[in-house]
Amino acid sequence: MNFRPQLLSAVVIGLLLSVQARADTVFTRADADQLGALVKKLAAAEGDVLDSLKQTAHNDPAHGCLDGIREEALVSVLHLTSAWKLLTVATVMRDKRDELVVLAMLSGALKPATQQLRGARQIINGWMGMCSQAATVNVKGQTVINIFSEIQQGIAPIQKTLDEVEKTLP
0 MNFRPQLLSA VVIGLLLSVQ ARADTVFTRA DADQLGALVK KLAAAEGDVL
50 DSLKQTAHND PAHGCLDGIR EEALVSVLHL TSAWKLLTVA TVMRDKRDEL
100 VVLAMLSGAL KPATQQLRGA RQIINGWMGM CSQAATVNVK GQTVINIFSE
150 IQQGIAPIQK TLDEVEKTLP
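When the count follows numbering that gives the first Met the number 0, it moves up by one through the sequence shown with no breaks and lands on 169 for the last residue.
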C-alpha cells in the first residue's frame, strides 16, 4: 500500500486546520469531530474483531465468520475516513467556491460510504447467521452493526445539509 497520498492529505488537513475557519462555513468543526469520533469507534470495533479472530483457531468455523465481519468493518472505516477528511477540510475553507468544490467531493464520498454501510450490515447479518452458535461472532457482529446505526444517524443530517446546498446551486 502506498502511504504517500495519505501522508499528503494529512499534511494538507493539518495546514488547513492551523488556519482560522470562516464563521460562515456550511459545516462546523464539531460536525467533523462527531463524524471522526464515530469513525474511530468503528475502527476500534474492527480492532476488537481482529483480536478475537487472532484468538480463534483457523479450523474453527467462527474464524471465517469473524474474518468476514472484520473485513466489512474495515472497508467501512476506509470509506468513512475519506468522508471525514473532506468534512474536516470543508470546515476551514475560506473561499466559498472552494468550499462548494469540497462539499461536492464530500457528497460524492458519502454516497458510497452509505451504500457500503447498508451492504455491510446485510453481509454481517449473514455471517452471524452462519455462525449463530458462536457467541463471539454474534457479540462482535452486533457491536459493529450498532455502530453502523450510529454512523447512519450521524451521516443523515450531513447528507440533508448537502442536499439543501445542492438545491441552491445554479
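Beta carbons: idealized from backbone N, C-alpha and C, even for Gly.
According to the Cβ coordinates, are residue i and residue j closer than 8 angstroms?
i    : j    : result
L126 : G46  : The displayed chain sequence assigns Trp, not Leu, to residue 126. In this structure, G46 does not lie closer than 8 angstroms to W126 by Cβ.
I150 : L49  : no
L86  : L65  : no
A112 : L79  : yes
P102 : L161 : According to the sequence shown, residue 102 is Leu rather than Pro. Yes, they are a contact pair.
A44  : A82  : no
T90  : A42  : no
A133 : A61  : yes
S75  : Q121 : no
Could you spell out the range, first to last residue, of the alpha helix (DSSP H) harbouring residue i?
i    : result
R120 : K95 to M129
L85  : P60 to A89
What three-state label does DSSP hand residue i in the structure shown?
i    : result
A43  : helix
Q158 : helix
A36  : helix
A133 : coil
E163 : helix
D23  : coil
L49  : helix
Q152 : helix
L168 : coil
T142 : helix
A31  : helix
May I ask you to verify whether the stretch 91 to 109 touches the stretch 131 to 144, counting CB pairs closer than 8 angstroms and requiring at least 3? Taking 8 angstroms as the limit for Cβ pairs, the verdict is that the stretch 131 to 144 does not touch the stretch 91 to 109.
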